[in-house]
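Trainee: Shown below is the structure under consideration.
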Amino acid sequence: MSIRGFLLPFYLTALLAHPAQADDEHQIDEQLLAEANALAPEFQAAQVEAPAPHELSLQGQWGPVIPWTPHIPVTAATLPDGRLLTFSSNQRTTFPSGVEFTYAAVWNPATGAFTEINNNRHDMFCGGTVMLPDGRVLINGGRNTTRLGSIFDWRTNQWSAIPNMNDGRWYNTSVALADGSVFTVTGDGGRTTAERWTASNGWARLGGINWSVVVNQPGYVSNWHPLVLVAPDGRLFHGGPTRQMNWVTATGTGGLSYAGVDVPGALYPKEGCFAMYDEGRILVAGGSSTTTANSFDSSTGTSTNAAFTLDIRAGAPVVQMTASMRYARQFVNSVILPNGEVIAIGGNTSGRKFNDTGSILIPEIWNPQTGQWREVAAMSVPRNYHSLALLLPNGRVWSGGGGLSGNSADHRDAQIYTPPQLFAADGAPAVRPVISQKPAYIAPGSVFQVTASTGVARFSFIKMSSQTHSVNTDLRFLNVPFTGTAPGTYALTAHSNENVLTPGYWMLFALDAQDAWSQAAIMLVDPNLGVTITNPGAQISAVGVAASLTVLASAPGGGGTVSFSAAGLPPGLSI
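Okay, so the sequence shown: first residue is 4 according to the numbering used here, each after it adds one.
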């Protein structure tokens with residue numbers, strides 16, 4: 004064996020024994036891990052048998068492997084026109100080095116076609132990613148601890164630059180706020196700081212937030228994507244992966260305060276997954292754990308199957324354990340299904356980056372009513388570090404990527420999962436409801452009309468979202484109250500709180516009594532929408548002669564019925 008061949012496995016062993024390295028070594032560790040794992044053997048999976056037809060309504064089905072020809076996808080976003088944006092770094096298949104550049108592409112699920120739309124000025128690898136209210140995708144930070152930021156416009160297929168951040172960041176988390184601004188925090192370069200972006204003024208540092216309270220907790224990797232989500236009261240909730248949970252204020256100069264609760268037991272949900280599965284309620288699953296509560300030591304952590312929920316709707320957050328998954332998983336991704344269940348996909352038991360050892364091919368689905376998990380059909384390709392999973396508008400789940408290290412853990416491909424609800428008992432495709440008419444735009448609190456198949460049992464909203472490193476701060480689910488006004492016609496009521504029904508593009512699904520769901524009707528939620536009244540101009544009439552005044556009003560995008568009322572009119576004038 005060469006000296007290099009001896010040293011790389013030795014360094015790999017050292018890193019696995021002590022994964023919590025100093026912040027300034029983090030990017031070096033990632034690169035060395037990628038290089039070291041070049042010697043790792045290829046994962047050998049047991050033969051994966053496809054479910055029999057009569058099992059499809061219980062297990063679901065994975066489609067064929069789709070070559071992802073432009074690159075290994077490390078970040079992805081669902082776009083309002085139904086396409087999928089993915090990108091890697093300045094290398095298509097290996098760990099990046101060199102110039103600021105990103106290989107990026109959009110994929111059309113209807114045609115299978117890719118269109119490359121590379122970013123020639125910014126390596127967005129492992130930066131913060133978030134959806135803006137108009138469906139554009141904002142990425143800030145990335146490799147080289149860069150201060151750069153970029154926005155992808157799905158309407159033009161173009162990248163544009165935004166002003167630089169005050170601090171460089173890599174492995175940061177970004178969150179879209181209800182007013183259209185973006186909050187970002189921590190990451191290499193800005194580990195103790197937070198900033199807020201507005202379209203008019205760019206980035207401003209939030210001096211009232213000292214993130215050192217979070218990152219200086221001993222035993223943790225301090226510069227890693229934190230779990231941060233918008234709470235119903237407009238604040239941000241920080242739920243891990245470090246022990247102490249916090250409330251964050253992103254207005255003014257910002258603020259940070261202890262939420263009074265901690266990550267339960269000895270869990271460390273870094274490399275786990277999270278999803279806001281209902282209004283103000285969050286599921287957290289997987290990651291790692293130790294045997295000693297309240298004194299986590301990441302050097303002794305092992306993968307965990309534990310899961311817990313957070314309720315941040317009012318007062319102090321409520322932390323509650325839920326059933327554990329069957330399989331321990333790190334690098335697991337979560338997707339909310341249109342019926343409100345959450346599917347956990349991929350991950351491994353070994354906790355090794357750029358390595359498929361211990362890969363879990365069997366996804367599990369969590370039911371929020373029972374708190375239980377169930378296993379479903381196994382996929383044929385491991386999905387571990389740098390893998391992704393998102394819900395497509397057709398109601399199926401896209402899962403892809405993993406690796407970007409130039410070794411056997413690289414997966415330049417994807418698969419699509421059809422959930423059990425989309426199959427009949429005999430294995431034939433289920434008859435799915437159809438949404439045939441809906442408004443293009445709605446405002447929070449509005450009542451809007453939808454035409455769909457008769458017999459719809461429920462409607463649900465799922466936010467279109469972006470993801471990297473199992474982090475998806477856009478994703479959220481809501482049941483939509485409705486009444487049937489006529490056969491096939493329904494009046495739906497949008498949630499009135501814009502911190503719950505957040506601005507941006509949402510997928511509306513109709514579900515029947517068997518929980519089969521429609522394809523999505525994509526709608527824009529905009530709190531600034533309102534009825535426009537056209538000025539009728541000056542009107543002249545003789546005294547005592549009846550006159551009529553025509554008043555025209557319109558709702559943007561055909562978003563509902565316009566009605567008129569008035570108070571305090573002069574005698575003889577009515578509307």
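For glycine and all other residues, C-beta sits at the position ideal for the given N, C-alpha and C. Computed from a predicted model, the values in this text were never measured in an experiment.
(1) Smallest Cα separation from F155: which of V133, N175, N167 and T149?
(2) Count the other C-beta atoms from every protein chain shown that fall within 10 angstroms of the C-beta of H57, then say buried if there are 16 or more, exposed otherwise.
(3) Can you list, in chain order, the stretches of the beta strand (DSSP E) that have 3 or more residues and sit fully within the region 501-538?
(4) Just the C-alpha distance for V233 and A55, rounded to the nearest angstrom, thanks.
(5) Work out the CA separation of P539 and V77 for me, nearest whole Å.
(6) To the nearest angstrom, how far is the alpha carbon of A269 from that of N475?
(7) On the three-pair Cβ rule with 8 Å, is the region 206-226 touching the region 244-261?
(8) Three-state secondary structure (DSSP) at P574?
(9) At what residues does the beta strand (DSSP E) containing Q62 begin and finish?
(10) DSSP puts N308 in a beta bridge; with which residues?
(11) Quick one: using the 10 Å Cβ neighbour count with 16 as the cut-off for buried, is T306 buried or exposed?
(12) Roughly how many angstroms separate the alpha carbons of Y174 and F277, rounded to a whole number?
(13) In chain order, which continuous runs of the beta strand (DSSP E) of length 3 or greater are located wholly inside the region 187-248?
(14) On the CB-based measure, 16 or more other CB atoms within 10 Å of its CB, does I587 come out buried or exposed?
(15) For L180, count the other beta carbons within 10 Å of its own beta carbon; 16 or more makes it buried, fewer makes it exposed. Which is it?
(16) Which residue comes first and which comes last in the beta strand (DSSP E) that contains W162?
(17) In whole angstroms, what is the alpha-carbon distance linking W157 and P385?
(18) Between G130, A113 and A108, which has its C-alpha nearest N122's C-alpha?
(19) Hey, how far is the Cα of F334 from the Cα of D236?
(20) Using a Cβ-Cβ cutoff of less than 6 Å, which residues in the same chain neighbour W162 once the five nearest sequence positions on both sides are dropped?
(21) Does DSSP put A269 in a helix, a strand or coil?
(22) Please classify A25: does DSSP put it in a helix, a strand, or coil?
(23) Taking DSSP as the reference, what is the three-state secondary structure of E274?
(24) Excluding the five sequence neighbours on either side, which residues of its own chain have a C-beta within less than 8 Å of the C-beta of A25, listed in chain order?
(25) Given that a residue counts as buried once 16 or more other Cβ atoms are within 10 Å of its Cβ, and exposed if not, what is S91?
(26) Report the residue from G409, Q372, P396 and V102 whose alpha carbon sits nearest the alpha carbon of H389.
(27) On the CB-based measure, 16 or more other CB atoms within 10 Å of its CB, does Q517 come out buried or exposed?
(28) Kindly indicate the opening and closing residues of the beta strand (DSSP E) around V483.
(29) For Y280, collect the residues of the same chain with a Cβ closer than 7 Å to its Cβ; drop the 5 residues on either side in sequence, then sort them by chain order.
(30) Is DSSP giving P432 helix, strand or coil here?
(31) Distance check for V231 and G242, CA to CA, integer angstroms please.
(32) What residue does the beta strand (DSSP E) around G405 start on, and which one ends it?
(33) If you check the beta carbons only, do T457 and P432 fall under 8 Å apart?
(34) Taking Y261 as the reference, which of G222, V217 and G289 has the closest Cα?
(35) Could you spell out where the beta strand (DSSP E) holding F155 opens and where it closes?
(36) Is P341 closer than 8 Å to F512 when the C-beta atoms are compared?
Mentor: Let me spell this out:
(1) V133
(2) exposed
(3) 507-514, 524-528 and 535-537
(4) 42 Å
(5) 55 Å
(6) 24 Å
(7) yes
(8) coil
(9) Where Q62 is concerned, there is no enclosing beta strand (DSSP E), although the alpha helix (DSSP H) it sits in stretches over L59 to Q62.
(10) BP columns for N308 are empty, so no partner.
(11) It is Ser, not Thr, that sits at residue 306 in the sequence shown. Per the 10 Å Cβ criterion, buried.
(12) 17 Å
(13) 197-201, 205-208, 231-233 and 239-241
(14) It is not possible to answer for residue 587, since the shown part of the chain is limited to 4 through 578.
(15) buried
(16) Q161 to I165
(17) 30 Å
(18) A108
(19) 31 Å
(20) N122, S153 and F155
(21) coil
(22) Unreliable positioning characterises A25 in this predicted model, as indicated by a pLDDT of 39, which lies under 50. The coordinate reading is nonetheless provided below. Note: A25 maps to coil in three-state DSSP.
(23) coil
(24) With a pLDDT of only 39 at A25, under the threshold of 50, the placement of this residue in the model should not be trusted, and no figure is reported.
(25) buried
(26) G409
(27) exposed
(28) F480 to V483
(29) L286, I339, G343, V345, P371 and F480
(30) strand
(31) 6 Å
(32) That residue, G405, is in no beta strand (DSSP E); it is neither H nor E in DSSP.
(33) no
(34) V217
(35) G152 to D156
(36) yes
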